[in-house]
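Note that the protein sequences, when read in sequence, are chains A and B.
Mapping of the first sequence onto our numbering: residues -3 to 113, in sequence order.
Mapping of the second sequence onto our numbering: residues 5 to 274, in sequence order.
Note that the Cβ used here is the ideal one computed from N, Cα and C, for glycine as well.
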Amino acid sequence: RAALRKNRRKDGRENCRRHPLYVDFADVGWNDWIVAPPGYDAFYCHGDCPFPLADHLNSTNHAIVQTLVYSTKPSMVPKACCVPTALSSISMLYLDEENKVVLKNYQDMAVLGCGCR
Amino acid sequence: NANAGTSLRIDPDTATAFSSSSSYRFGTTDRKDRDQVIAGMEASLLSLLGLAKRPRPQGQAYIPHSLRELYDRQNAIGIADIAKPGIHARSANTVRSFPHIESDLDHKFQSLNRFRLSFDLSKIPSGETLQAAELSLSRVAMLDVEDKSVKHKRGRVLVYDIVRPGVKGRSKPILRLIDSKVIDTTKNATINLDVHPAVVRWIESHQNNHGLLVHVTGTVARTREHVRLRRAVDEHKEAWVVSRPMLFTYTNDGSYEMASADQIIDRRTR
């Protein structure tokens, strides 16, 4: 709760940050062929990119300029977007059609960090 | 899917975007349409995971211990490349396991220290590039070896690719030695042999896949089964699946590009 309060601005909008999103393989009925993991933490990015952009929002020079222009003339450009800036891989152990065990790594499946871009 | 008793919580913004993009209206469409949408979503997810259709495995399956260990390690380091010590599979992102296929031909190998192993690799997708392949053999420690001298404890495992099988009374087989390892028969650690050249040949032409010939030499190995190559007559199936020979292939499915030197420099600069 303290962390949420810290991220929330005076106008009630929340700053750009990572939110939990868990995909449970049992819920989608895939637990009969996916051995491990039981599900995975995908996470997602959501929130406002306010002016001035704080350092922890991992913004690029371009995002700073875009936010600056937006703050002076909102009709000219949209705000910078809250997007994933760092992603990690996940490993999956599953059974194929012939009951053979396969280990596969998938790149860029879980959000590690969010930022304004 | 309300009918199936599960609830899918969708953010109002996401629901609106989904609704407008697919012209799908929650609550107004009939079950058939909804099933089609769910099937479409499942197909998209499976495609993302590199699968043409949802696998429907039959019965129980044994997960090899080494694969389970590798899975834990990969999850800990969080990179897409397979990082297994001892093999050069830097850009591989998929490991497939293949057990020996038992057949009538197995009965022709009566010797304890010589056996042919056969693997069906025809189901490896054609788009995958082989990076490495290894044969994993489990062992039984011979703790009661009478002569404790190093010479008697030692043995060697040799793996041959059967280039052309022999015909009894007409021609001898053509074998190619591809790897060998020295073993201590008082130890029970699993041994892994590099069989990459044979698997490359098999993938190029499945008709030329005649299997691998494993030959165990040494004083002890000649009289007793130290390296587990075949199922014992009285051995239960569940016990055998744990110690049976297993072939592992390390492939790259081409779903992502490896970070090039330029990208690494660019990332560092940024």
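**Asked** Relative to the C-alpha of R82 of chain B, which residue among A:N95, A:N54, A:K96, A:K100 is closest?
**Response** A quick correction: the sequence has Gly, not Arg, at residue 82 of chain B. The option with the nearest alpha carbon to G82 of chain B is A:K100.
**Asked** Residue range of the beta strand (DSSP E) that A145 of chain B falls in?
**Response** Premise fails: A145 of chain B is in no beta strand (DSSP E) and is neither H nor E.
**Item:** Contact set between T133 of chain B and chain A, taken where Cβ atoms lie within less than 7 Å
**Value:** Those do not exist, as T133 of chain B stays about 14 Å from chain A at its closest Cβ, beyond 7 Å.
**Request:** Return the first residue and the last residue of the alpha helix (DSSP H) that P201 of chain B is part of.
**Result:** It spans 200 to 208 - the alpha helix (DSSP H) in which P201 of chain B sits, taken as one unbroken run.
**Request:** Note down, in chain order, every chain B residue with its Cβ under 8 Å from the Cβ of N101 of chain A.
**Result:** For N101 of chain A, the chain B residues whose C-beta falls within less than 8 Å of its own C-beta are Q78, I83, A84, D85, I86, N97, T98, listed in chain order.
**Message:** Quick check on the DSSP output: the beta strand (DSSP E) that includes S98 of chain B runs from which residue to which?
**Reply:** Sequence check: residue 98 of chain B is Thr here, not Ser. That run of the beta strand (DSSP E) goes 98 to 103.
**Message:** Please classify K57 of chain B as buried or exposed, where buried requires at least 16 other C-beta atoms within 10 Å of its C-beta.
**Reply:** Classified as exposed, K57 of chain B has fewer than 16 neighbouring CB atoms from the shown chains inside 10 Å of its CB.
**Beta-carbon contacts of I195 of chain B that lie in its chain and below 8 Å, excluding the five residues immediately before and after** = When the five nearest sequence neighbours on each side are left out, the beta carbons in the same chain lying within less than 8 Å of the beta carbon of I195 of chain B are those of S140, L141, R143, V161, K185, I187, V231, in order along the chain.
**Contact residues within the segment 20 to 42 of chain A, judged by C-beta distance below 8 Å to chain B** = Here the close residues are D23, V24, W26, D28, W29, V31, A32, P33.
**Prompt:** If you run the structure through DSSP and keep just helix, strand and coil, what is G109 of chain A?
**Reply:** DSSP places G109 of chain A in strand when its eight states are reduced to three.
**Message:** Quick check on P103 of chain B: buried or exposed, where buried means 16 or more other Cβ atoms within 10 Å of its Cβ?
**Reply:** Taking all protein chains shown into account, P103 of chain B has 16 or more neighbouring C-beta atoms within 10 Å of its C-beta and is therefore buried.
**Asked** Mind checking S27 of chain B: buried by the 16 CB within 10 Å criterion, or exposed?
**Response** Legend: pLDDT at S27 of chain B = 44, less than 50; position of this residue unreliable, value from coordinates given subsequently. Exposed, since its Cβ has fewer than 16 Cβ neighbours within 10 Å.
**8 Å contact criterion, which A106 of chain A and F39 of chain A should meet: CB distance rounded** = For A106 of chain A against F39 of chain A, the beta-carbon gap comes to about 6 Å, under 8 Å, which counts as contact.
**Request:** Using a Cβ cut-off of 8 Å (strictly closer), state whether S85 of chain A contacts chain B.
**Result:** Judged by the 8 Å Cβ criterion, S85 of chain A is in contact with chain B.
**Prompt:** Closest to V220 of chain B by CA distance: which of B:R235, B:S101, B:V163, B:Q211 is it?
**Reply:** The option with the nearest alpha carbon to V220 of chain B is B:V163.
**Request:** Please report the residue range of the beta strand (DSSP E) in which D188 of chain B lies.
**Result:** Start and end: 178 to 188.
**Request:** Note the first and the last residue of the continuous beta strand (DSSP E) segment covering R14 of chain A.
**Result:** It spans 13 to 15 - the beta strand (DSSP E) in which R14 of chain A sits, taken as one unbroken run.
**Message:** According to DSSP, simplified to helix, strand and coil, what is E10 of chain A?
**Reply:** Strand at E10 of chain A.
**Asked** Under 7 Å from any heavy atom of the ligand GDP, does the C-beta of E46 of chain B make it?
**Response** Ligands displayed in this structure: none; no statement on the ligand GDP is therefore possible.
**Prompt:** Does any residue of chain A bring its CB to less than 8 Å from the CB of K241 of chain B?
**Reply:** No - not a single Cβ of chain A is within 8 Å of the one on K241 of chain B.
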